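Which chain is which? The protein sequence lines are A and B, in order.
Just so we're aligned, residue 0 is where the first sequence starts under numbering that gives the first Met the number 0, counting upward by one.
Just so we're aligned, residue 0 is where the second sequence starts under numbering that gives the first Met the number 0, counting upward by one.
Below: one structure, written as structure tokens.
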Amino acid sequence: MLLREVEYAKPGSVAEALELLAADDGARALAGGQTLINVMKARAASPDKLVDLNGLEELRGIELAADGTLTIGAMTTYSELVASAEAKARPILGEVCATIADVQVRNRGTIGGNVCSNDPTNHLPPLMVAVGARMTIATAGGGEHEVPAEEFFLGVYLTAVGPGELLTRISIPAGKKDGFAAVTLGADGTCICNAAATVNGSVRVALGCVDAVPVLLETGSPDEIPEAVRAANLEPPSDVHASSDYRKHLAAVLATRAAQEAGAR
Amino acid sequence: MDVTVTVNGTSYERDVEPRKLLIHFLRDDLDLTGSHVGCDTGNCGACSVLLDGVLVKSCMLLAVQADGASVETVEGLSQEGELTPLQQSFNEHHALQCGYCTPGMLMSATALLRDNPSPGDDEIRKALQGNICRCTGYWNIVEAVKAVAK
Chain A
0 MLLREVEYAK PGSVAEALEL LAADDGARAL AGGQTLINVM KARAASPDKL
50 VDLNGLEELR GIELAADGTL TIGAMTTYSE LVASAEAKAR PILGEVCATI
100 ADVQVRNRGT IGGNVCSNDP TNHLPPLMVA VGARMTIATA GGGEHEVPAE
150 EFFLGVYLTA VGPGELLTRI SIPAGKKDGF AAVTLGADGT CICNAAATVN
200 GSVRVALGCV DAVPVLLETG SPDEIPEAVR AANLEPPSDV HASSDYRKHL
250 AAVLATRAAQ EAGAR
Chain B
0 MDVTVTVNGT SYERDVEPRK LLIHFLRDDL DLTGSHVGCD TGNCGACSVL
50 LDGVLVKSCM LLAVQADGAS VETVEGLSQE GELTPLQQSF NEHHALQCGY
100 CTPGMLMSAT ALLRDNPSPG DDEIRKALQG NICRCTGYWN IVEAVKAVAK
């Protein structure tokens, strides 16, 4: 498919990327491109300029601090995360990334791209909310601020990363008692409904695919999840794959499964 | 934009529009039509190539992003008319029916075997997950890869 005409820039630093993005309303950051290039084909997005973040080493890499906190560069690919020894400090991250699409997509697609596109069917938004990730956003001029994951996702395809800003890294606290469950279109396909859970005294579950942003529920035990899901008064979308009622049913089932998996670790 | 891309060991310098996808650059500009356009939506894997040794779908990458990189396509597998053991195995196991997905299957299986010369059944299937065979001839494809796994 021939894309609409587009300018292309490959900045040599994050500072330069931010300048390019801030200088042009029609500029968009190009991460792995596994979503953006396709939506450009469909003309669902038509940026005037692509600012290619590939090659910015500042945005790559996974660091494990002494207290177990992981810091993951936004341009880290799923494959890099799956293969990372450091990322095993929070095993759920690699486990979930290994189920995103296929080898080719995992080799290109990035952690930052997954959360910044905030497609409600993506795997990582609910996972980031459940594990209590913190997102660092850089602005032109050298400023940066940190946003907790539950405040990062604002709407469908909309996050706290504003125009002229970039997500640079995600930090995730230590922990092992996590779970993730999804019903997908084929093995490792697009999620019809998903849920990520963390058990740390109480149960923290984030539901995906049922609203514009992940829905966070906190309960005392996995047994209380179905009631908590009912009380959340979800109104999930209906589509050819699942009715709203079926998605609501799946949300309770998957949240319970994710919490049980988390609790069993 | 001027780009320099090495494809199957040959360096090419071309003036490329940023909007051109890598698959179209390979097929239309370099006349390397082995890599196929199947779905053009990133699902089917018929356009799979290796970019600096990493398996990617060339319909989800701009040609300008390959500037300075080394690309391997299905044309680069056989040397001097000699099929690779994997290609020979595809032939022997009847691992292709219409052949449309074959270039992508070969590149995905090549990437797998370089990384893991002794894959198990599940690893082979997982490695070929991004490649769709419209004839649904997966069984023989997996058999062909298994036969060259050490």
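Ideal placement from N, C-alpha and C gives every residue a C-beta, glycine not left out.
On a predicted model such as this, the values are computed, not experimentally measured, just so you know.
### Query
Which whole-angstrom value describes the C-beta separation of THR76 (chain A) and ARG168 (chain A), a residue pair presumed to lie in contact below a C-beta threshold of 8 Å?
That pair is no contact at about 14 Å.
### Task
Output the residue ranges of the beta strand (DSSP E) runs that lie fully inside the stretch 15-58 of chain B and measure 3 residues or longer, sorted by chain position.
Counting whole runs of 3 or more residues, the stretch 15-58 of chain B contains the beta strand (DSSP E) stretches 47-50 and 53-56.
### Task
Identify, in the order they occur along the chain, each residue of the same chain with its Cβ nearer than 6 Å to the Cβ of ASP47 (chain A), setting aside the five sequence neighbours on each side.
For ASP47 (chain A), same chain residues with a beta-carbon under 6 Å away, outside a window of 5 residues either side, are GLY25 in chain order.
### Candidates A:LEU215, A:ALA28 and A:LEU184: closest to GLY163 (chain A) by CA position
Ranking the options by Cα distance to GLY163 (chain A), first place goes to A:ALA28.
### Task
Kindly say whether LEU2 (chain A), judged by its beta-carbon, lies nearer than 7 Å to any beta-carbon of chain B.
So, interface residue.
### Query
From which residue to which residue does the alpha helix (DSSP H) around MET127 (chain A) run?
Per DSSP, the continuous alpha helix (DSSP H) segment holding MET127 (chain A) begins and ends at 123-129.
### Query
Between the C-alpha atoms of ARG105 (chain A) and LEU166 (chain A), what's the straight-line distance to the nearest angstrom?
The straight-line gap separating the alpha-carbon atoms of ARG105 (chain A) and LEU166 (chain A) is approximately 19 Å.
### Message
7 Å is my cut-off, CB to CB: does ASP1 (chain B) come that close to chain A?
### Response
Interface residue (Cβ-Cβ distance to chain A less than 7 Å): ASP1 (chain B) is not classified as such.
### Message
Give me the subset of the stretch 52-79 of chain B whose CB atoms are less than 9 Å from a CB atom of chain A, sorted by chain position.
### Response
The stretch 52-79 of chain B vs chain A, Cβ under 9 Å: VAL53, LEU54, VAL55, LYS56, CYS58, MET59, LEU60, LEU61, VAL63, GLN64 and ASP66.
### Task
Buried or exposed for CYS208 (chain A), please, with buried defined as at least 16 other CB atoms from any protein chain shown within 10 angstroms of its CB.
Buried, by the Cβ-count rule.
### Message
Taking contact to mean 3 or more Cβ pairs, one atom from each stretch, closer than 8 Å, check whether the stretch 115-134 of chain A and the stretch 150-164 of chain A are in contact.
### Response
By the criterion of at least three beta-carbon pairs nearer than 8 Å, the stretch 115-134 of chain A is in contact with the stretch 150-164 of chain A.
### Inter-residue spacing [alpha-carbon to alpha-carbon] between ASP23 (chain A) and ASN53 (chain A)
Cα to Cα, ASP23 (chain A) sits roughly 19 Å from ASN53 (chain A).
### Classification of ARG107 (chain A) by the beta-carbon crowding that lies within 10 angstroms, buried from 16 upward
It is buried - the Cβ of ARG107 (chain A) has at least 16 other Cβ atoms within 10 Å.
### Task
Consider the C-beta atom of VAL144 (chain B) and the heavy atoms of the ligand NAD; say whether any pair is separated by less than 6 Å.
The ligand content of the structure shown is nil, which means the ligand NAD is not present either.
### Query
For PRO221 (chain A) versus VAL252 (chain A), is the C-beta distance shorter than 7 Å?
No, they are not a contact pair.
### Message
Less than 6 Å between C-beta atoms, sequence neighbours within five positions excluded: which residues of the same chain meet that for GLU145 (chain A)?
### Response
Counting only Cβ-Cβ distances below 6 Å, and skipping sequence neighbours, we find ARG133 and THR135.
### Task
Give the range of the beta strand (DSSP E) segment to which TYR137 (chain B) is assigned.
Going by DSSP, TYR137 (chain B) is part of no beta strand (DSSP E) but of the alpha helix (DSSP H) stretching over 137-147.
### Query
Got a sec? Which residues, its chain only, sit under 7 Å from ILE22 (chain B) by beta carbon, not counting five neighbours each side?
Closer than 7 Å at the Cβ level, and outside the excluded window around ILE22 (chain B), lie SER34, VAL36, CYS46, SER57 and CYS58.
### Query
From this set, A:LEU2, A:ALA100, A:THR34 and A:LEU20, which residue's C-alpha is nearest THR189 (chain A)'s C-alpha?
Nearest Cα to THR189 (chain A) within the set A:LEU2, A:ALA100, A:THR34 and A:LEU20: A:ALA100.
#### Entry: Partner residues on chain B for GLY111 (chain A), Cβ-Cβ distance less than 7 Å
In chain order: nothing, as chain B lies at least about 17 Å away.
### Query
Less than 7 Å separating the beta-carbons of GLU149 (chain A) and VAL182 (chain A)?
7 Å or more divides the Cβ of GLU149 (chain A) from the Cβ of VAL182 (chain A).
### Message
If the cut-off is 8 Å on Cβ atoms, which residues from the stretch 93-121 of chain A count as contacting chain B, listed in chain order?
### Response
Here the close residues are ALA100, ASP101, VAL102, GLN103, VAL104, ASN106 and ARG107.
### Message
Under DSSP, the beta strand (DSSP E) around ARG168 (chain A) begins and ends at which residues?
### Response
For ARG168 (chain A), the enclosing beta strand (DSSP E) begins and ends at 164-171.
### Query
When DSSP labels each residue in this structure, what does LYS48 (chain A) get in the three-state scheme?
For LYS48 (chain A), the three-state secondary structure derived from DSSP is strand.
### Message
Please report whether the beta-carbon of GLY60 (chain A) lies at a distance below 7 Å from any beta-carbon of chain B.
### Response
Not closer than 7 Å to any Cβ of chain B, the Cβ of GLY60 (chain A) fails to qualify, so no.
### Task
Could you spell out the range, first to last residue, of the alpha helix (DSSP H) harbouring LEU35 (chain A)?
Residues 35-40.
### Message
Could you tell me the alpha carbon to alpha carbon distance between ARG229 (chain A) and SER83 (chain A), rounded to whole angstroms?
### Response
Approximately 38 Å between the Cα atoms of the pair.
### Task
Give me the Cα-Cα distance between ASP51 (chain B) and LEU25 (chain B), rounded to the nearest whole angstrom.
Straight-line Cα distance between these residues: approximately 15 Å.
### Message
Please report whether the beta-carbon of ALA157 (chain B) lies at a distance below 7 Å from any beta-carbon of chain A.
### Response
Because chain B here runs from 0 to 149, residue 157 (chain B) falls outside it and cannot be looked at.
### Task
Buried or exposed for ARG42 (chain A), please, with buried defined as at least 16 other CB atoms from any protein chain shown within 10 angstroms of its CB.
ARG42 (chain A) comes out exposed.
### Query
Any idea which residues DSSP pairs LEU216 (chain A) with across the strands?
Its beta-bridge partners are A:VAL204.
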